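Notes follow the structure.
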Amino acid sequence: MIVAHRRNKIKEQLLLEKSVKVAELVKTFNVSEETIRRDLHQLEIEGIVQKNYGGAILIDDIQQISASIPPVQQRKFKYFEEKEAIGRKAAELVQENQIVIIDSGSTTWCVARHLKMREGLVAVTNGINIAEELLENEGSEVFLLGGKVIKKSMSLVGPVAEAELQHYNADYVFMGTTGISLRKGFTSSDIYEAEIKRAMVAAGQKVVVVADHSKFQAQALIAYSAFKDVDILVTSSLADPIILAEIRKLGVQVIACDVE
């Protein structure tokens, strides 16, 4: 693992847990204690952490650390507990030795977190951060689609990626969404990402959309899928039950998990 990537991972852990321990980081990254201490020293120079005995704590002002992480990584920490619960519940749908396609995004990243230990998993994704997460399990096969990189979402889009998807036939496709509209269906804010999403929907036996409660209050620019093309919506108990009831009437199985 390159230095910059490891330090970004440490930053992510700091945002989640507010503190880190040297001994735990040594085990996580399989590097020496001296290497981790150098990492924490650099983060202290950057004004991100304050070192203490055995580790470091996150400083109160996290604007600098947020600015150093791509937008899709930042979004992971908004409604994180909810997205984590959704990701865990969605991952339960997948059995060993199945093939999955995973869309780019913050909630789909949470799905990947809970899928990566599945035995014999074969995963196809256009999300760079998602491929990186899945590769932590040496037993997984991971295919990263080619194409143009959209930096803000760490995703690959374009005709090359769309053409590649035509060759795949997945047991499950896990989709993110910018918005959910009873009139328009599932929507995206980017026309190129919408095209990739359409190609993913066409490549799956079962299409699963994962969405936190805020997505029911938004409608983005481009509709990429109607309700009739989606089999399962995994959300949380924070979502409006009236809207969820309407979506069920449209033939979509709705799973609303509890949030701690």
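Counting from 1, one number per residue, gives the positions in the sequence shown under full-length UniProt numbering. All C-beta atoms in this analysis are idealised placements derived from N, C-alpha and C, irrespective of residue type, glycine included. This one's a predicted model, so the numbers in the text were calculated from it and none came from an experiment.
Asked, Found
"Helix, strand or coil at Met117 [DSSP, three-state]", "coil"
"Cβ distance (whole Å) where Leu145 is taken to contact Thr125 below 8 Å", "7 Å"
"Distance between Ala203 and Ser155 (C-alpha atoms, nearest Å)", "18 Å"
"Bounding residues of the alpha helix (DSSP H) (the contiguous stretch that carries Ala23)", "Val22 to Phe29"
"Supposed contact pair Ile130 and Ser106 - C-beta distance, whole angstroms, cut 8 Å", "Actually they do not touch by this definition, with Cβ atoms about 10 Å apart."
"CB contact below 8 Å: Gly179 versus chain D", "The chain labelled as chain D is not found in the depicted structure, where only one protein chain is given."
"Where the beta strand (DSSP E) through Asn52 begins and ends", "Val49 to Asn52"
"Stretch-stretch touch, CB-based, cutoff 8 Å, three pairs: the segment 216–229 with the segment 171–188", "yes"
"Pair within 8 Å by beta-carbon distance, Ser153 and Phe186", "no"
"Cβ neighbour criterion (16 or more within 10 Å) applied to Asp258", "exposed"
"Cβ shell of Gly55 (< 7 Å), same chain only, five flanking positions each side left out", "Ser19, Val20, Lys21 and Val22"
"Buried/exposed call for Ala163, threshold 16 Cβ in 10 Å", "exposed"
"Status (buried if at least 16 other CB within 10 Å, exposed otherwise) for Gly87", "buried"
"Inter-residue Cα distance where the pair is residue 282 and Ser214", "The shown model of the chain, from 1 to 260, leaves out residue 282, and the question about it has no answer."
"Distance between beta carbons of Asp231 and Val207, contact taken as under 8 Å", "5 Å"
"C-alpha gap between Leu244 and Glu260, whole angstroms", "20 Å"
"Three-way DSSP call (helix, strand, coil) for Ser214 in this model", "helix"
"DSSP state of Ala56 mapped onto helix, strand, coil", "strand"
"Reference Leu165; option with closest CA among Asn137, Val49, Gly139 and Glu195", "Glu195"
"DSSP three-state assignment for Gly87, whether helix, strand or coil", "helix"
"Residue range of the beta strand (DSSP E) that includes Glu141", "Glu141 to Leu144"
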